[in-house]
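Notes follow the structure.
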Ligand code: BV8
């Protein structure tokens, strides 16, 4: 199971390309989510993530997230891979999502890479590492940065050895996550793309398309597969 920003859209969390309103409207996401942008204007980038963190804090997991918790309970080998950085899968009760792109609710020292759980949001923007004084940065993978190797390996392993691979709520544009459904299809898995729109989705012989909101399709899938009495 691979999820993208679309599964959080019904929780009111702007999808990746929508999260550019107000001050940031004149930027492209790819221009803010890069090490170069942070080096150039750390305050602007930190404040964009602070706005997104506040948006996520106000959001609640939706029926799509909860359906994946039920799937995990029903399928021992269930693997959830997410491109999302909002932490809503964990808040819904998914026990061990593979976070390919990190998590905006966490930060780390931009110099030592040490994780930082708490920081003073009222201090400088970005806050500074208490150990070395360098800026903190969001604990996410920016464009041009490598994905966490262990997470990527686990995701590729799951894609290669699954019977069914669902890609839910993602534009499937960002590599290497975008290749996972194809890895699964090449290994013989049944692959389905669930999305409100199939615009731009790569098509292939082994790829089914289910059009609709994740918050409706996933609960319907769970109900059809494991009907509640
Ligand atoms: C890498 C964290 C090796 C940050 C993200 C040139 C130079 C450098 C790199 C590249 C290059 N060309 C290509 C690359 C590789 C690059 C890449 O893929 N670029 C793209 C733009 C072409 N990838 C990387 O850089 C990766 N690292 O490759 O390292 C390397 C190193 C150096 C040089 C070369 C290679 C790192 C990628 C990780 C980037 N970080 N997030 C942050 O969030 O701020 S990616 C970010 O966008 C999200 O995390 C997400 O993963 C991704 C895609 O977003 P989606 O989740 O798909 O959301 P989106 O808004 O796009 O779409 C929403 C979908 O939901 C839509 O389809 C919509 O229809 C649907 N939807 C909406 N509502 C619903 C719904 N579906 C169902 N129900 C609904 N209700």
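Numbering (my numbering), first residue to last: 244 to 472. Idealized CB from N, CA, C, for every residue including glycine.
Distance cut-off 7 Å: residue i Cβ against heavy atoms of the ligand BV8
i	result
residue 385	yes
residue 288	no
residue 344	yes
residue 348	no
residue 408	no
residue 259	yes
residue 418	yes
residue 468	no
residue 440	yes
residue 303	no
residue 326	yes
residue 458	yes
residue 300	no
residue 413	yes
residue 248	yes
residue 388	yes
residue 323	no
For residue i, the nearest candidate out of the options (CA to CA)
i	options	result
residue 444	380, 358, 416, 296	416
residue 387	408, 407, 453, 279	279
residue 367	290, 440, 375	290
residue 270	298, 343, 288	288
residue 246	412, 423, 399, 374	412
residue 384	363, 353, 414	353
residue 431	404, 438, 442	404
Beta-bridge pairing of residue i - partner residues as DSSP gives them
i	result
residue 438	454
residue 382	346
residue 358	351
residue 324	245, 341
residue 312	BP columns for residue 312 are empty, so no partner.
residue 409	435
Rounded distance between the beta-carbons of residue j and residue i, thought under 8 Å
i	j	result
residue 420	residue 333	Going by Cβ atoms, the distance from residue 420 to residue 333 rounds to 18 Å, so no, they are not a contact pair.
residue 286	residue 369	7 Å
residue 187	residue 350	The question about residue 187 has no answer, for the chain in this structure spans 244 to 472.
residue 310	residue 461	4 Å
heavy atom of the ligand COA below 7 Å from residue i C-beta
i	result
residue 252	Here the bound small molecules are the ligand BV8; the ligand COA is not part of this structure.
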